[in-house]
Amino acid sequence: MKVRKNAVARALSGVLVFQLVIGGLLILGDSQSGANLGLPSLSPSQPRLTEPVQPGDQRRVFRPGRDAPATQPARAPGKLPKRLALAQENGAVYRLEGAIAPGDGERIIGLLTAAEPAPETLIVQSSGGSVLDALALGRHIRKAEIGTQVLRGEFCYSACPYLFAGGVERTIEEDAYIGVHQHFFGQSTVLPAAFAVEDIQRGQGDVMVYLIEMGIDPAVMQFALTTPPDEIYILLPEQLETFGFPTEKDAS
Numbered sequence: 002m003k004v005r006k007n008a009v010a011r012a013l014s015g016v017l018v019f020q021l022v023i024g025g026l027l028i029l030g031d032s033q034s035g036a037n038l039g040l041p042s043l044s045p046s047q048p049r050l051t052e053p054v055q056p057g058d059q060r061r062v063f064r065p066g067r068d069a070p071a072t073q074p075a076r077a078p079g080k081l082p083k084r085l086a087l088a089q090e091n092g093a094v095y096r097l098e099g100a101i102a103p104g105d106g107e108r109i110i111g112l113l114t115a116a117e118p119a120p121e122t123l124i125v126q127s128s129g130g131s132v133l134d135a136l137a138l139g140r141h142i143r144k145a146e147i148g149t150q151v152l153r154g155e156f157c158y159s160a161c162p163y164l165f166a167g168g169v170e171r172t173i174e175e176d177a178y179i180g181v182h183q184h185f186f187g188q189s190t191v192l193p194a195a196f197a198v199e200d201i202q203r204g205q206g207d208v209m210v211y212l213i214e215m216g217i218d219p220a221v222m223q224f225a226l227t228t229p230p231d232e233i234y235i236l237l238p239e240q241l242e243t244f245g246f247p248t249e250k251d252a253s
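Our numbering puts the first residue of the sequence shown at 2, with every later residue one more than the last.
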């Protein structure tokens with residue numbers, strides 16, 4: 002327990018300065034506009050998701066539901082649902098696709114618990130959404146000893162990698178896309194801007210504790226914290242290996 006606490010403390014201290022900068026920008030933005038704002042975009046415009054990534058060129062414009070990876074997917078999904086949907090693929094293999102809407106954690110946990118046969122593997126594809134629901138689902142997936150997969154040409158962005166991380170065995174096929182960026186943990190307005198900073202810090206702390214629980218190196222958060230919400234940072238295969246996302250080698 003002491004080792005885990007020390008690891009969390011080191012990870013949190015590594016992002017404290019960044020969070021303070023974001024907090025100052027949130028307060029500045031509020032005082033200037035008085036409008037609801039998310040985390041600021043600090044970088045120039047990036048290429049679209051349809052353009053392939055390479056080392057040093059991994060940030061892409063993030064427009065959920067509009068852009069998809071250039072690689073032909075293993076199964077053309079059509080338009081993904083506006084909230085998570087669970088469907089049986091084959092035997093104990095199920096698909097979990099769609100945006101992660103608030104409340105999806107409890108709802109999908111109920112469906113997974115009631116499913117017959119009991120799920121052994123989840124193929125996931127999502128543009129992300131509610132971080133808290135993704136964490137709740139990931140913890141249930143781990144407790145239920147369910148594996149997770151992302152197939153060739155399919156994607157798992159934003160909060161989805163946290164859900165994927167819950168898999169007791171995790172497989173990422175070649176040309177699958179895993180991406181991270183900043184998250185919204187609350188809304189910023191003129192009065193509660195300081196509270197928005199507190200929400201961000203608490204939320205990032207929760208994510209880091211979760212990643213450590215799942216055996217993922219929390220250093221991956223450096224890319225999430227420095228990529229604004231309207232962009233996505235696509236992790237290269239070697240980065241995914243370094244941070245511990247796949248537990249199984251892709252046999253495809």
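We put the CB at the ideal spot given by N, CA and C, even for glycine.
For residue i, count neighbouring C-beta atoms within 10 Å of its own C-beta (all shown protein chains included) and say buried if the count is 16 or more, exposed if not.
i	result
Gly180	buried
Ala225	buried
Gln89	exposed
Ser34	Low confidence applies here, because Ser34 scores a pLDDT of 38, under 50, leaving its location unreliable; read the following figure in that light. Ser34 should be labelled exposed.
Glu175	exposed
Glu239	exposed
Residues in its own chain within less than 8 angstroms of residue i by CB, not counting five upstream and five downstream?
i	result
Ala177	Val151, Leu152, Arg153, Gly154, Glu155, Phe156, Cys157
Ile302	Only positions 2 to 253 of the chain appear in this structure, which leaves residue 302 out of reach.
Pro118	Gly92, Ala93
Return the chain-ordered list of same chain residues with a C-beta closer than 6 angstroms to the C-beta of residue i, the five sequence neighbours on each side being excluded.
i	result
Leu123	Tyr95, Leu97, Ile147, Thr149
Ala160	Ile101, Gly129, Gly130, Val132, Ala135
Gln205	none
Leu212	Pro219
For residue i, I'd like the list of residues in its chain whose CB is within less than 7 angstroms of its CB, leaving aside the five on either flank, ordered along the chain.
i	result
Val143	Here residue 143 is Arg; the residue named in the question, Val, does not match the sequence. Correct list, in chain order: Gly167, Val169, Met215.
Gly99	Leu81, Pro82, Lys83, Arg84, Leu85, Ala86, Ser127
The alpha helix (DSSP H) spanning residue i covers which residue range?
i	result
Arg108	105-115
Glu90	Unbroken run through Glu90 is the beta strand (DSSP E), 86-91; no alpha helix (DSSP H).
Glu242	238-244
If I follow the unbroken beta strand (DSSP E) through residue i, where does it start and stop?
i	result
Phe156	156-158
Val62	60-62
Gln223	Gln223 -> not in any beta strand (DSSP E); alpha helix (DSSP H) instead, spanning 222-226.
I believe residue i touches residue j by the beta-carbon criterion, under 8 angstroms. Please report the beta-carbon distance rounded to the nearest angstrom.
i	j	result
Ala137	Gly111	Not a contact, Cβ separation roughly 12 angstroms.
Phe246	Ile173	6 angstroms
His266	Thr228	Since the displayed the chain opens at 2 and closes at 253, residue 266 lies outside it and no answer follows.
Phe63	Glu232	5 angstroms
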